[in-house]
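Undergrad:
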Amino acid sequence: MSTMEFFFSSAVTTLIEKLNLSDVAFSLFCLFVFSSLVQKLTSKGPMLWPLVGIFPTMIMHCTCLHEWITKALIDHRGTVPFRGLCVGGICGIVTADPVKIEYMLKSKFHNFPKGRYYRERFTELLGQGIFNADDQSWKHQRQAAATVMHSVRFVEYSTQSMQDLVHKKLLKVLENLVESKVCIDLQELLLRFTFDNICVAAFGVDPGCLSIGLPDVPFAKAFEEATESTLCRFIVPPFVWKTLKFFDLGFERRLKNSVKVVHDFADKTVQERKEELAQDQDINLDEKFDLLSRLINLEKGNKNGYFSDKLLEDFCISFILAGRDTSSVGLAWFFWLVSTHPHVEKNILQEIHDILSPRQQNIQTELNSNIIFTTDELHKMVYLQAALSESLRLYPPVPFDFKEVLEDDVFPDGTRVKRGEKVLYSIFSMARMESVWGTDCREFKPERWIKEGAFVSENPFKYAVFNGGPRLCVGKKFAYTQMKMVTASILARYSIQVVEGFEVAPKTTTTLYMKNGLMVKLVPRN
Numbered sequence: 195m196s197t198m199e200f201f202f203s204s205a206v207t208t209l210i211e212k213l214n215l216s217d218v219a220f221s222l223f224c225l226f227v228f229s230s231l232v233q234k235l236t237s238k239g240p241m242l243w244p245l246v247g248i249f250p251t252m253i254m255h256c257t258c259l260h261e262w263i264t265k266a267l268i269d270h271r272g273t274v275p276f277r278g279l280c281v282g283g284i285c286g287i288v289t290a291d292p293v294k295i296e297y298m299l300k301s302k303f304h305n306f307p308k309g310r311y312y313r314e315r316f317t318e319l320l321g322q323g324i325f326n327a328d329d330q331s332w333k334h335q336r337q338a339a340a341t342v343m344h345s346v347r348f349v350e351y352s353t354q355s356m357q358d359l360v361h362k363k364l365l366k367v368l369e370n371l372v373e374s375k376v377c378i379d380l381q382e383l384l385l386r387f388t389f390d391n392i393c394v395a396a397f398g399v400d401p402g403c404l405s406i407g408l409p410d411v412p413f414a415k416a417f418e419e420a421t422e423s424t425l426c427r428f429i430v431p432p433f434v435w436k437t438l439k440f441f442d443l444g445f446e447r448r449l450k451n452s453v454k455v456v457h458d459f460a461d462k463t464v465q466e467r468k469e470e471l472a473q474d475q476d477i478n479l480d481e482k483f484d485l486l487s488r489l490i491n492l493e494k495g496n497k498n499g500y501f502s503d504k505l506l507e508d509f510c511i512s513f514i515l516a517g518r519d520t521s522s523v524g525l526a527w528f529f530w531l532v533s534t535h536p537h538v539e540k541n542i543l544q545e546i547h548d549i550l551s552p553r554q555q556n557i558q559t560e561l562n563s564n565i566i567f568t569t570d571e572l573h574k575m576v577y578l579q580a581a582l583s584e585s586l587r588l589y590p591p592v593p594f595d596f597k598e599v600l601e602d603d604v605f606p607d608g609t610r611v612k613r614g615e616k617v618l619y620s621i622f623s624m625a626r627m628e629s630v631w632g633t634d635c636r637e638f639k640p641e642r643w644i645k646e647g648a649f650v651s652e653n654p655f656k657y658a659v660f661n662g663g664p665r666l667c668v669g670k671k672f673a674y675t676q677m678k679m680v681t682a683s684i685l686a687r688y689s690i691q692v693v694e695g696f697e698v699a700p701k702t703t704t705t706l707y708m709k710n711g712l713m714v715k716l717v718p719r720n
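Residue 195 is where the sequence shown starts when you use this note's numbering, and the numbers rise one by one after that.
Encoded structure:
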């Protein structure tokens, strides 16, 4: 051993002998405090603690997470860095800058996919379905979805199925509840409606969530549980949920059991539909217009055959996930906003009255006899569409989304992101940025969407409720038709009154549910 090695070894041995546990703990504490101070003084945005990142700060603001993120973004010109736990955590930036969002969703679309982080968490529920796919798999499914959903036959079928559900089920259930003089959790009821509606559109099957008595439906219950359990994976570190999955414990066990129910239902439906069509040659696929049947029809004309039975299941399950929560949550916030803004309600009712007046009959008598709005009448409801758009702006059903960086990149303003980092963009926060929407950004103001009596769409990258760029929601028209039909049919018949003293607040999840639901009384209009 050399003299230098002997000296170093002796110094280390002496140091170990002199130190005790309290000295080590104190030194680590001082290092932690020093690192925290350096971070606070040199970085912008929320506090990023050593080892634990942004996690403690989020916990401190968990009851008002969306508003806290909004304030941080406003204070730091729309973009802040973030870092998760050092063990399996993620890092990147959070933004509410429309320029950056356009860069991700359109200009450099291929460099900002959903990524492995997202796919890994949704793989059990969504498999390779469109909302869990990137690259060629996504492209094939996107083309198929656009072909089916924009076809005249699917539009007519989906509109008719909406009308049937609204008038034969939703309004009947509301009528029974009003006669019973009970308070109604409108959010829960709307969730049942949209689930039935989206299942009829996707599979051609009505699960019966809106049947009289509002029964528990195993498929619907399993789907909700699978969704909630999947979202837990985004909240806890990877080593936690992967350990739970390995030992089949906690929410991972619930996820496994609920996913089995969902996929068993989807598999059974796909097989029965294909057998039905194979056994009875007299059945014409052109007479079946649900998404599943149309995809099978497309495959018959495709020699290569892209959609396997499993992919058909995954595709339809993705469609249900996209259409169930988003529309119902958006509708719940809309009814709450309208109930607190009487002038908006008055304008909607006046528009409905004006549109119905050419029928030259007593409007109230028609309403009482179950009037059904035509597609053309719904299209003319400009103010209603503006009110719905404004509601979705303030309370987007999906309050934030994120992309993964494929290769190192630089945003137009010079912000750098590295490969593997995540870019979260807050749609909720963007609606509250004066730099984006003006000084009245927090006001519920449908008039901002109307110019010279016509509805005017906004830049999809400052109004990213329906995504933007190549991933622009293919179901946007379907969603607006559904929401207009529901809102017009209910508001024409009932005044919505939120139960006095009831607290309305957003739930801290990836979908902007109302934390306590929406308890209301429905008062029939005179």
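All C-beta atoms, glycine included, are put in the ideal place defined by N, C-alpha and C.
Is GLU641 closer than 9 Å to ALA580 when the C-beta atoms are compared?
TA: yes
Undergrad: Under a three-way DSSP split, which group does LEU365 fall into?
TA: LEU365 falls in the helix class under three-state DSSP.
Undergrad: State the Cα-Cα distance for the pair THR463 and GLY323, rounded to the nearest angstrom.
TA: 16 Å
Undergrad: Out of curiosity, what's the CA-to-CA distance linking MET708 and ASN370?
TA: 24 Å
Undergrad: In chain order, which beta strand (DSSP E) runs of at least 3 residues are fully inside the region 607-691?
TA: Counting only runs of 3 or more, we get 616-620.
Undergrad: How would you call VAL346, buried or exposed, if buried means at least 16 neighbouring beta carbons within 10 angstroms?
TA: exposed
Undergrad: If you drop the 5 nearest sequence neighbours on each side, which residues of the same chain put their C-beta closer than 7 Å to that of GLU382?
TA: GLY711
Undergrad: Can you round the beta-carbon distance between ILE392 and PHE513 to whole angstroms, since I take them to be within the 8 Å contact cut?
TA: 7 Å
Undergrad: For my contact list, THR704 and VAL617 are in at a C-beta cut-off of 8 Å; report their separation, rounded to the angstrom.
TA: A Cβ-Cβ separation of about 16 Å leaves THR704 out of contact with VAL617 under the 8 Å criterion.
Undergrad: How many whole angstroms separate the CB atoms of VAL360 and MET679, which I take to be in contact at a CB cut-off of 8 Å?
TA: 6 Å
Undergrad: Pairs of beta-carbons, one from the region 622-631 and one from the region 250-267, closer than 8 Å: are there three or more?
TA: yes
Undergrad: Roughly how many angstroms lie between the CA atoms of HIS334 and GLN473, to the nearest whole one?
TA: Their backbone Cα atoms lie some 29 Å apart in a straight line.
Undergrad: Bridge partners for MET713 per DSSP, in chain order?
TA: ASP379
Undergrad: May I ask you to list the residues that DSSP assigns as paired with MET298?
TA: BP columns for MET298 are empty, so no partner.
Undergrad: Excluding five sequence neighbours on each side, which residues of the same chain lie with their C-beta closer than 8 Å to the C-beta of GLU446?
TA: Within the same chain, GLU446 has close Cβ partners SER423, TRP435, LEU438 and LYS439.
Undergrad: What is the C-beta distance between PHE276 and VAL288, in whole angstroms, given that I count them as a contact (C-beta under 8 Å)?
TA: 5 Å
Undergrad: In whole angstroms, what is the alpha-carbon distance linking PHE306 and VAL523?
TA: 27 Å
Undergrad: How far does the alpha helix (DSSP H) with PHE440 in it extend, from its first residue to its last?
TA: 432-441
Undergrad: Quick one: Cα of LEU408 to Cα of PRO401, how far?
TA: 11 Å
Undergrad: Run through the DSSP bridge pairs and tell me what ARG277 is partnered with.
TA: CYS285
Undergrad: Comparing C-alpha positions only, which one of ARG613, GLU598, ARG636 and HIS573 sits nearest to MET677?
TA: Taking only the C-alpha atoms, the option nearest MET677 is HIS573.
Undergrad: Return no unless some Cβ of chain D is closer than 9 Å to the Cβ of SER487.
TA: In summary, chain D is missing from the structure at hand, where a single protein chain is found.
Undergrad: Please classify MET254 as buried or exposed, where buried requires at least 16 neighbouring CB atoms within 10 angstroms.
TA: Exposed.
Undergrad: How many angstroms separate the CA atom of LYS645 from the CA atom of TYR577?
TA: Distance between the alpha carbons of LYS645 and TYR577: 11 Å.
Undergrad: Would the region 684-697 and the region 659-666 be scored as touching if the rule is three or more Cβ pairs under 8 Å?
TA: no
Undergrad: Rounding to the nearest angstrom, what Cα-Cα distance links VAL717 and TYR688 in this structure?
TA: 5 Å
Undergrad: Could you tell me which of ASN541, ALA414 and GLU373 sits nearest to SER452, measuring between CA atoms?
TA: ALA414
Undergrad: Specify the secondary structure class of ASP461 as computed by DSSP and reduced to three states.
TA: helix
Undergrad: Under 9 Å between the Cβ atoms of ASP603 and LYS300?
TA: no
Undergrad: Taking 6 Å as the limit between beta carbons, can you name the residues of its chain near PHE660, skipping five residues before and five after?
TA: CYS667 and LYS670
Undergrad: Rounded to whole angstroms, how far is the Cβ of LEU485 from the Cβ of ALA395, which I believe are closer than 8 Å?
TA: 6 Å
Undergrad: Which of the three DSSP states is assigned to LEU222 in this structure?
TA: Note that LEU222 scores a pLDDT of 49, beneath 50, so its modelled location is shaky and nothing firm can be said.
Undergrad: May I have the straight-line CA-CA distance separating LYS482 from PHE638, to the nearest angstrom?
TA: Each residue's CA atom was taken as its position, placing LYS482 and PHE638 some 41 Å apart.
Undergrad: Measuring alpha carbon to alpha carbon, tell me which residue in THR568, ARG613 and PHE528 is nearest GLU193.
TA: One cannot answer for residue 193 here, as it falls past the ends of the chain, which runs 195 to 720.
Undergrad: My output table needs one value for ARG719: the three-state DSSP class, helix, strand or coil.
TA: coil
Undergrad: Beta-carbon within less than 6 Å of PHE655's beta-carbon, same chain only, minus the 5 sequence neighbours each way: which residues are those?
TA: Around PHE655: PRO292, ILE295, GLU296 and GLY662.
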